[in-house]
């Protein structure tokens, strides 16, 4: 990418542009000096599709990666830390239903990046309900019965 950086325009979220594990890291670790426009997260994929930008920040599980047939570049210098999903809830809910902790802990580490990406695509692009997609996953993986 270094060879063509002068021909490329990046569209990054304001947060990514200012992070050490974002554009600042791309500059330091990869020596890239990209022409950058900051934009709202929802506008990045529209800007890529229209040709306004050629590079953007994304999560590897974003539904739009498949929707727009985008390529995820290899981070061979491990600039970006791995991000893992986690179950979050109010303490009051856990006090009312303490069994939830054990149930949700069974999911820890069980959803692959590819599975999460596919589920995000089903919801974000195909318009399926998040409840149904999650239920289908839980049934398929044997966490619950149909």
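In the numbering used here, the protein residues as written are 24 to 169.
The C-beta atom is built at its ideal place from N, Cα and C for all residues, glycine as well.
For this session: Determine the DSSP secondary structure at residue 39, reduced to helix, strand or coil.
Result: In the chain shown, counting from the first residue as 1, residue 39 sits at position 16. Here residue 39 sits in helix by DSSP.
For this session: Give me the Cβ distance between residue 151 and residue 162, rounded to the nearest whole Å; I'm assuming they're in contact under 8 Å.
Result: In the chain shown, residue 151 corresponds to position 128, counting from 1. In the chain shown, residue 162 corresponds to position 139, counting from 1. Residue 151 to residue 162, Cβ: 14 Å. No contact.
Exercise. Relative to the alpha-carbon of residue 58, which residue among 72, 37 and 28 has its alpha-carbon at the smallest distance?
Worked result: Working through the chain shown from its first residue, we reach residue 58 at position 35. Measuring from the Cα of residue 58, the nearest candidate turns out to be 28.
For this session: Jot down the residue ranges of each uninterrupted alpha helix (DSSP H) in the segment 77–150, minimum 4 residues, whole runs only, in chain order.
Result: You should have 86–90, 114–119, 122–128 and 136–147.
Exercise. Does the separation of the CB atoms of residue 70 and residue 148 fall below 8 Å?
Worked result: Here residue 70 refers to the residue found at position 47 of the chain shown. Here residue 148 refers to the residue found at position 125 of the chain shown. The Cβ atoms of residue 70 and residue 148 lie no closer than 8 Å to each other.
Problem set entry | Those residues which DSSP pairs with residue 60 across a bridge | Translated into the one-based positions of the chain shown, residue 60 becomes position 37. Partner(s): 34.
Exercise. Roughly how many angstroms separate the alpha carbons of residue 98 and residue 25, rounded to a whole number?
Worked result: Looking up residue 98 in the chain shown gives position 75. Looking up residue 25 in the chain shown gives position 2. Rounded to the nearest angstrom, the two C-alpha atoms are 14 Å apart.
Problem set entry | Between the CA atoms of residue 47 and residue 75 - distance to the nearest angstrom | Within the chain shown, the letter at position 52 stands for residue 75. Within the chain shown, the letter at position 24 stands for residue 47. Taking the straight line from one Cα to the other gives about 22 Å.
Exercise. Pick from 95, 155, 132 and 105: whose alpha carbon is nearest that of residue 142?
Worked result: As a first step, residue 142 is located in the chain shown; it is residue number 119 there, counting from the start. With distances taken between Cα atoms, residue 142 lies closest to 155.
Exercise. Smallest Cα separation from residue 102: which of 92, 134, 88 and 43?
Worked result: Position 79 of the chain shown, counted from the start, is the residue given in the question as residue 102. When only C-alpha atoms are compared, the closest one is 43.
For this session: Leaving aside the five residues before and after residue 95 along the sequence, list all residues of the same chain whose C-beta is less than 7 Å from its C-beta, in chain order.
Result: Here residue 95 corresponds to residue number 72 of the chain shown, with the count starting at 1. The beta carbon of residue 95 lies closer than 7 Å to those of 83 and 88 in the same chain, with the five residues before and after it left out.
Problem set entry | Rounded C-alpha distance that separates residue 125 from residue 80 | In the chain shown, counting from the first residue as 1, residue 125 sits at position 102. In the chain shown, counting from the first residue as 1, residue 80 sits at position 57. The alpha-carbon atoms of residue 125 and residue 80 are separated by roughly 35 Å.
Exercise. In the structure shown, what three-state DSSP assignment does residue 171 receive?
Worked result: For residue 171 there is no data in the structure shown, the boundaries of the chain being 24 and 169.
For this session: Give the secondary structure of residue 152 by DSSP, where H, G and I count as helix, E and B as strand, and everything else as coil.
Result: Along the chain shown, read from residue 1 onward, the residue named residue 152 stands at position 129. Residue state, collapsed to three classes: coil.
Problem set entry | Continuous alpha helix (DSSP H) stretch holding residue 169: start and end | Counting from 1 along the chain shown, the entry for residue 169 is found at position 146. Premise fails: residue 169 is in no alpha helix (DSSP H) and is neither H nor E.
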